[in-house]
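Engineer:
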Amino acid sequence: MCESALKRALLALPRRLTSWEEREAYALLETAGYTVVDVVRYRPISRSRLFSKAKLEELAEKAKPLRGDEEARIIVYDELRPREYFRIVREARVDAIDRTLLILEIFALHAGSREAKLQIELARLKHQLPVIKEAIRLAKMRELPGFLGPGGYAVDAYYRYMVSRIARIRRELQELRRRREIERAKRRSAGLPHVAIVGYASAGKTTLFNKISGEKKPVGPEYFTTISPKVKATSFDGLRFAVVDTVGFISRIPPEIIEAFHSTLEEAAYADLILYVLDVSEDEYVMTEKLSEGLDTLRRIGVVDRPMIIAANKVDLVRDRSDLERVLNLIEAMAESVYPGLQGVIPVSAATSEGLGRLLCRVATLLRGTAGSMC
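In the working numbering, the protein residues as written are 4 to 378.
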């Protein structure tokens, strides 16, 4: 994205974040099309109150250059509750969004299917509903900031529209999910076992999907290039199976995202085999943290007993190959301690195809249910 197309943002970062979580925050803002003009670091006062009076004044002072720019935002990389939202916009006179809305903005950039667009809209409406409720309360008290809208009546009417729209979207999504279940059942009745590719955002899932399936789906360093699941039937060693590319995980994935994209994520819960893609070229502590987050996300969506292979991806970028065996053993021990269905860790490079044959051989063996390899 060119510099002139970027939207300006003042970033508010909680001090509890690790260095890699901070890098993730900047990567998410860049993917969403924002350029960070300044940063405010804070320690939350409580769960419902993030900023002290002094910190709020600092935020407002640094937000002054953004006033009057309709696309500019204060981005609070945290869960922003309604009363805190209104404290910020009243003091800074710049609109604010939190981490969940930032992620939904990115999802919207990559949404292609009708289902994905509806899921994003539903998550956004549900997330903003408490803010509108608070706006109604403030309007009745005659405390609603004037720059937020034309007044209490319009806010109340918008709330009723949101409730009605949420109900309509849920009905339409139920129908789309029913069709997805029918399509999945048809593939199964044709004797196609399913392999779901899961993993952290930017771990190389879609690159691996393309290598296995022969597809040419778009890939890139930005987050969430895959929003809707991609399904492709393929063959290896005489075995035909369906491979499914799913949405990537992130740290502390918000509940609204899990709920909205449950139908996408549930492809993993229904799969015959999980292929977990892990970037082993990253620093060890980052890699293990991401593995822990990803396995926790799988548990939250009900994936607890599916056979799983970890594809230790990007070995071509590993600087010290002599240490790779120790890292692979560490990954295996860590995953086995929390996921009993682990069937091994296989080093691969989706970019160069290194180790791909061994990985597919293991996939075919597990899908056939045989004790020995038939490759």
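Yeah, the Cβ is synthetic: ideal placement off N, Cα and C, and Gly gets one too.
The beta strand (DSSP E) spanning ILE349 covers which residue range?
Structural biologist: Start and end: 345-350.
Engineer: What separation, rounded to the nearest whole angstrom, lies between the Cα atoms of VAL306 and ILE312?
Structural biologist: Taking the straight line joining both Cα atoms gives about 13 Å.
Engineer: Who are the Cβ neighbours of SER216 in its own chain at under 6 Å, not counting the five residues just before and after it?
Structural biologist: Result list for SER216: LYS235, THR237, VAL246, in chain order.
Engineer: Give the DSSP-derived three-state secondary structure of PHE54 in the structure shown.
Structural biologist: Looking at PHE54 - three-state DSSP - the assignment turns out to be coil, as it is neither helix nor strand.
Engineer: With a 10 Å radius around its C-beta and 16 neighbouring C-beta atoms as the bar for buried, classify ALA196 as buried or exposed.
Structural biologist: Here residue 196 turns out to be Pro, not Ala, going by the sequence shown. Label assigned to PRO196: buried.
Engineer: Bridge partners for ARG239 per DSSP, in chain order?
Structural biologist: Looking at the sequence shown, residue 239 is not Arg but Phe. For PHE239, which the question treats as bridged, DSSP gives the partners LEU242.
Engineer: Comparing alpha-carbon positions, which option in LYS293, ALA12, ALA28 lies nearest ARG18?
Structural biologist: Per the Cα distances, ALA28.
Engineer: Provide the residue(s) that pair with HIS197 in DSSP beta bridges, ordered along the chain.
Structural biologist: HIS197 pairs with ALA245.
Engineer: Take VAL42 as the anchor and find which of SER49, GLU25, ARG52 has the nearest alpha-carbon.
Structural biologist: The option with the nearest alpha carbon to VAL42 is GLU25.
Engineer: Output needed for GLU74: all residues of its chain with C-beta closer than 7 Å, excluding positions within five of it in sequence on either side, in chain order.
Structural biologist: For GLU74, where only same-chain residues beyond five positions count, the Cβ hits under 7 Å are LYS10.
Engineer: Put PRO17 into one of helix, strand or coil per three-state DSSP.
Structural biologist: The answer is strand: DSSP assigns PRO17 an E or B state.
Engineer: Could you please give the first and the last residue of the uninterrupted alpha helix (DSSP H) stretch that includes TYR226?
Structural biologist: Run containing TYR226: none; DSSP gives neither H nor E here.
Engineer: With DSSP as the reference, please indicate the residues paired to ASP282 in a beta bridge.
Structural biologist: Answer is ASN316.
Engineer: Within 10 Å of its beta-carbon, does MET144 have 16 or more other beta-carbons around it, so buried, or fewer, so exposed?
Structural biologist: Flag for MET144 reads exposed.
Engineer: What are the partner residues of ALA99, as DSSP defines its beta bridges?
Structural biologist: According to DSSP, ALA99 bridges with ILE77.
Engineer: From the DSSP output, read off the bridge partner residues of ALA12.
Structural biologist: Paired residues: VAL39, ARG76.
Engineer: Determine contact between the segment 276-284 and the segment 191-211, defined as no fewer than three beta-carbon pairs at a distance below 8 Å.
Structural biologist: Contact between the segment 276-284 and the segment 191-211 is present, because at least three Cβ pairs lie under 8 Å.
Engineer: Taking C-alpha atoms, which residue in ASP275, GLU262, ILE304 lies nearest to ALA126?
Structural biologist: Selected option, being the one with the closest Cα: GLU262.
Engineer: Give me the Cα-Cα distance between ASP159 and PRO257, rounded to the nearest whole angstrom.
Structural biologist: Roughly 27 Å separates the two Cα atoms.
Engineer: Beta-carbon within less than 7 Å of LEU2's beta-carbon, same chain only, minus the 5 sequence neighbours each way: which residues are those?
Structural biologist: Since the first residue shown for the chain is 4 and the last is 378, residue 2 is missing from the structure and cannot be characterised.
Engineer: My output table needs one value for MET311: the three-state DSSP class, helix, strand or coil.
Structural biologist: Strand at MET311.
Engineer: For the alpha helix (DSSP H) containing ARG303, list its first residue and its last residue.
Structural biologist: Residues 287-303.
Engineer: Alpha carbon to alpha carbon, how far is ALA30 from PHE150? Give it in angstroms, no decimals.
Structural biologist: Note that PHE150 scores a pLDDT of 44, beneath 50, so its modelled location is shaky and nothing firm can be said.
Engineer: Given a cut-off of 8 Å on the beta-carbon distance, is the pair ALA353 and ASP240 in contact?
Structural biologist: Cβ distance not < 8 Å, so ALA353 and ASP240 don't count as in contact.
Engineer: Inspect the CB distances between the segment 101-112 and the segment 61-69 and report whether three or more fall short of 8 Å.
Structural biologist: Touching, no, given that fewer than three Cβ pairs across the two stretches are closer than 8 Å.
Engineer: Work out the CA separation of LEU176 and TYR342 for me, nearest whole Å.
Structural biologist: Looking at the two C-alpha atoms, the distance is approximately 31 Å.
Engineer: How would you label TYR226, buried or exposed, when you count the other beta carbons within 10 angstroms and need 16 or more for buried?
Structural biologist: It is buried - the Cβ of TYR226 has at least 16 other Cβ atoms within 10 Å.
Engineer: Using the C-alpha atoms, what's the distance from GLU292 back to ASP326?
Structural biologist: So the two alpha carbons sit approximately 19 Å from each other.
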